[in-house]
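Report on the following structure.
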Amino acid sequence: QNTSADTKMKVCKHIATVIRPAGYAKSPKVMGNRVKTKINGLFTLYKTHEKHLWLTGEGIGNSDQEDSSQGPVTLQFYIQANGPDENTPPAAVNIWDEIVSSFPFFPHLH
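For the sequence shown, our numbering gives the first residue as 424, with consecutive numbering after it.
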C-alpha cells in the first residue's frame, strides 16, 4: 500500500537524485525511468528465484523426493525473512544457498 501518496515515478526520480545526481540534473525523466527499470528487473529476478523455494525439480534439491514423471514436488517448509534456521530441511538450505550464490540481493528482498 502506498502510504506516502507519491507515484512510483516520483519515488524513482527521488532515488535517482541520490544515486546519480549528475545524470538526474541532465535528464530527470530518463534517470527516473532507469531506476524504475532496474527496480522492476530486480523484482522479476527475485520472483524467478523465489519459485525455486516453492518447487523442486529445477536441478536443485533432494533427488529422493523428486519423481520427474509426476512433475515437480512441492516442498513443505517455510523460510523466514532472515533466512534458513536450524529447523530448515537440508534440501531447502541447498536451494537457498544456490539462489544466494547467483543472486546476492535475494536475502535482502526476501
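Quick reminder that beta carbons are idealized off the backbone N, C-alpha and C, glycines included. Owing to the predicted nature of the structure, the values given are computational and were not obtained by experimental measurement.
| query | result |
| --- | --- |
| For Pro512, the first and last residue of its enclosing alpha helix (DSSP H) | Per DSSP, Pro512 belongs to no alpha helix (DSSP H) and is neither H nor E. |
| Burial state of Tyr501 (16 or more Cβ within 10 Å) | exposed |
| Anticipated Cβ contact below 8 Å, Ala515 with Pro507, distance rounded | 6 Å |
| Inter-residue Cα distance where the pair is Asn510 and Lys470 | 24 Å |
| Between the CA atoms of Ile462 and Asn485 - distance to the nearest angstrom | Bear in mind that a pLDDT of 45 at Asn485, under 50, signals an unreliable position, so the number given afterwards is only what the model happens to contain. Each residue's alpha carbon lies about 33 Å from the other. |
| C-beta atoms of Gly455 and Ala439 nearer than 7 Å | yes |
| Phe529 versus Glu473, Trp477 and Pro513, residue with shortest Cα-Cα distance | Glu473 |
| Span of the alpha helix (DSSP H) around Ala448 | Pro444 to Lys449 |
| Beta-carbon proximity of Ala504 to His475, cut-off 7 Å | no |
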